[in-house]
Every structure is written in C-alpha cells, then in structure tokens.
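Numbering (UniProt numbering), first residue to last: 1 to 456.
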C-alpha cells in the first residue's frame, strides 16, 4: 500500500511505497531529493501471536546467597535484643547515617554550552548552543528538521592538592653504600646549583682595535736581535765620538772633515737598513747579510737607491712650495711632507723593478688598493716616529753642540733601523697580495643571499 510523505523543501505531498523508508526519493514538484523517514507500525500489525497462548512470566531463580531481604526476615533472639538495647546502637547508627548523608558534598554536573548535532538523514554535523536543547532546527544540507538533544556532560579535570598529597620518604639502601661513587651521576643539588647559576657574558675581543703591546713589539721588535743592537751601538758610538771631539775642538778643518765623514757614515747606516728590510721581508729570524765595510759597493748601491728615491719624492713638494711661497719655511715643510708620502712608494718600486730610472712598479701600484691596512699601518707608525724624532731634535737644539750631536746620532740611527724594518713588513704584505690567487667574483651569489634574507 503506497504511503504519502511531505517534501521538506516545498511541502508537497509525495507518494512512496511501503518499503521506501530510509531511502532517497525525488520530489516531482521541486526536483529535490530527500530521505523518506521510516513508517511506524500499526496496532493491528501484531497478528503473529493470535494463534499462540500468552507465555507465562519467568520466575527468577532463588540465589544460593542471602539477600538483604532475607537478612531482615531473620528472627533475633532475646539475648541479641538485649545486647542491642544496652549498646544503644540503633540511635547511634541512624544518627551517623543521617549526618553522613547531610555532610556529603553534592557533586555539580557541568554541561557543554556548545556541542554538535548529527542529522539522521544526511549525516551532516551542526554546531548548536545548549539553549536550543529540545528544539528543532533545520539541517543546512538536506533541509530536514532535526531535534536537538540534551547537552553532553563536561569531563572534569582531576586536580591534585599538593599540600595534602602523600609524601614518600626514600631511605638509603644499605647494600649500595659500599659502592664507589659514580662519576657520571650528579646529585640534584649540583644540577639545581648549575641551573641557578647566572652566566656572565664576556665581551668578544674586537680584532679591529690594535693592541699597544703588539704594535710596540712589531715596530721595535728588531732591537731584540743581538746583531741589530750591536750594529746600532757600535755605529752610533763611533760616530758620536768623532762628532763630539770635532765639535768640542771647534776647528774649521775638523768641521769640514766631519761633514765629509758624515756622508760616508750615512751610506753605511742606509746599507744596514737595507739588510734589515730584506731580512724582515723574507721573514728571517735574524739579520745575517750585513754589509762589509771593506767593500764600498755593498753600501754604496743602497745609498744610490735612497738618494734617487728621495730626489724624486722631494721634487713635487719643493716645486709647489717654491712656486707658491718661494724660499721659505713653508717650502721646507712641503718638501718634508712630500718625502714622507712618496718616498716609500718610489723606493719599493725601484727595488721591485731593479732600476733607478723606473720609479713605478705595477705590483706596488696594485698593492695600494689590495693592502690598504698594510699601507695605513706603515704611514701611521712612520708618522709617529717622525714626530718623535722631530720633537727630540727640537729639544736637542737648545743643548750644547757636542751633547746635541751625540743624542741626534743615536736617535737618528735607531729611527733609520726602525723605518726600514717597517718597510720590510710592507714589502712582505705586498708580496703576499701579489702571489695570492685572485678572488672569485661572487657578487651575484652574495646579492641573492641578501635578497633571500631580507624576504624572510
């Protein structure tokens, strides 16, 4: 027998068969599919048991154990009643039970304020609030009415009271007291002390700031060599003795001879400076190739290089000062500044090219941009040496001529040795930059990495 159901979308009557309950059918009015609910059975459908008598109720089997009802039926003896009356157990037990029931804390049940309801037709879940419990809502998919059930209970979290929690004391095991201590096992006190210790952040060393001690050792370290110290003392002592005697007597012939011998002494000092420069540039532990005094060519060749380099270096400053200021003290200052700035470059270029007439070397020229730190350190150190020598010479000008000559000779020879040692370190840095492999041009990779870092 066909049944009639109502479409949940357009409320039109749709005729379906008896066995269509729970299946999906199409509405002929709105062409929408919906699930046919199950049909309830009629009262006259229970015809299967008409031909059979009603079944008798099943009697429960008697339990072999005593039940509370059986215990209450037992008859007490008179002696038992007297014992109960004497003790007064009836009043006490009833009062204790009542008091315990009153004092028992009532557990409050918490229900969820929001929960999900599943549609029985299409299975779609819908979030509802607890206020809609018992009401009907529409499913958002199949548009059928759904009855909202009661909200579920909220599970309570177990909270432990640390104050009333049981505490267990662990005693030391007597069997393990004789064991040697485990070096890899630390006590809790050590771990807590280590965790509570505040670590002090030590500042990282700044390698860009030079140390004064390292700078002094690098500049004046050549005097720790016995050979350098001996040559400085011997040459300075001989020249000082001759100058002191000549100036003390103050005879014109001795003064003229003093100037002539001073030129030869300067050539010897320059040749010793060249030996120091070569030793430092080759990273030798000590200076071994000292010039021989009996062979004039060994100490004349370095003098020629120095004179040629000084002449080329002094010319730009002297020319600019002479054209601008004429023969004045300003011209002398410009000439000294020109020597200070150009002399190292010209001298190293001549030595690199092995020619007095070629004052420029490509390797030395490229080193200006490759060895900025080496050139900057050289000019800084040499500038301090020149300022110190100038101040001492200015102070010695107020002294007696013999004493001033002795002080100037010792200081001049020592400053010359230090200056050529600094030139040797500069030549070593230039050689390292020339012999090193050219750097790869990875500017594109660096830019890509910087771009990725900025995006992140």
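By construction, the Cβ of each residue, glycine as well, lies at the ideal position given by its N, Cα and C atoms.
First and last residue of the uninterrupted alpha helix (DSSP H) at residue i
i, result
"residue 109", "That residue, residue 109, is in no alpha helix (DSSP H); it is neither H nor E in DSSP."
"residue 265", "252-281"
"residue 220", "212-220"
"residue 403", "401-435"
"residue 300", "296-325"
Reduced DSSP category for residue i - H, G, I as helix; E, B as strand; rest coil
i, result
"residue 146", "strand"
"residue 357", "coil"
"residue 450", "helix"
"residue 132", "helix"
"residue 68", "Since pLDDT at residue 68 reaches only 48, below the 50 mark, its modelled position is unreliable, and no value is offered."
"residue 204", "coil"
"residue 286", "coil"
"residue 154", "coil"
"residue 198", "coil"
"residue 127", "strand"
"residue 80", "Because residue 80 carries a pLDDT of 47, less than 50, the predicted location of this residue cannot be relied on, and the following value inherits that uncertainty. Helix at residue 80."
Minimum C-alpha distance to residue i - residue among the options
i, options, result
"residue 214", "33, 381 and 36", "381"
"residue 343", "359, 132 and 254", "359"
"residue 392", "411, 16, 401 and 376", "411"
"residue 241", "403, 123 and 275", "403"
"residue 400", "223, 245 and 132", "245"
"residue 261", "243, 289, 446 and 234", "243"
"residue 295", "282, 271 and 277", "271"
"residue 32", "287, 12 and 20", "12"
"residue 156", "444, 111 and 442", "111"
"residue 216", "140, 19, 313 and 384", "384"
"residue 379", "408, 130, 363 and 420", "420"
"residue 283", "138, 425 and 123", "425"
"residue 7", "17, 18, 26 and 232", "26"
"residue 235", "212, 273, 221 and 251", "273"
"residue 255", "405, 398 and 179", "405"
"residue 362", "434, 293, 377 and 395", "434"
"residue 154", "161, 139, 136 and 130", "130"
"residue 409", "237, 449, 149 and 14", "237"
"residue 387", "375, 336, 355 and 357", "336"
"residue 128", "134, 20 and 116", "116"
"residue 313", "377, 293 and 338", "338"
"residue 133", "149, 449 and 124", "149"
"residue 287", "257, 281, 353 and 275", "275"
Residue span of the beta strand (DSSP E) that contains residue i, given as start and end
i, result
"residue 13", "13-16"
"residue 114", "114-118"
"residue 24", "24-26"
"residue 224", "Looking at the DSSP string, residue 224 is not in any beta strand (DSSP E), and its letter there is neither H nor E."
"residue 5", "3-6"
"residue 394", "Unbroken run through residue 394 is the alpha helix (DSSP H), 372-396; no beta strand (DSSP E)."
"residue 33", "33-35"
Classification of residue i by the beta-carbon crowding that lies within 10 angstroms, buried from 16 upward
i, result
"residue 48", "With a pLDDT of 47 at residue 48, under the threshold of 50, the modelled position of that residue is not reliable, and the figure given next carries that caveat. Exposed: under 16 other Cβ atoms inside 10 Å."
"residue 145", "exposed"
"residue 351", "buried"
"residue 291", "buried"
"residue 475", "The structure shown does not extend to residue 475, since the chain spans only 1 to 456, so no value can be given for it."
"residue 109", "exposed"
"residue 329", "exposed"
"residue 121", "buried"
"residue 224", "exposed"
"residue 333", "exposed"
"residue 233", "exposed"
"residue 10", "exposed"
"residue 331", "buried"
"residue 422", "buried"
"residue 277", "buried"
"residue 35", "buried"
"residue 317", "buried"
"residue 251", "exposed"
"residue 253", "exposed"
"residue 192", "exposed"
"residue 302", "buried"
"residue 222", "buried"
Touch test, the stretch 301-310 against the stretch 335-347, Cβ-Cβ under 8 Å, three pairs minimum
yes
Would you call the stretch 408-417 and the stretch 256-274 in contact, with 3 or more CB pairs under 8 Å?
yes
Three or more C-beta pairs closer than 8 Å, one from the stretch 422-431 and one from the stretch 369-386: is that the case here?
The answer is yes - the stretch 369-386 touches the stretch 422-431, with three or more Cβ pairs under 8 Å.
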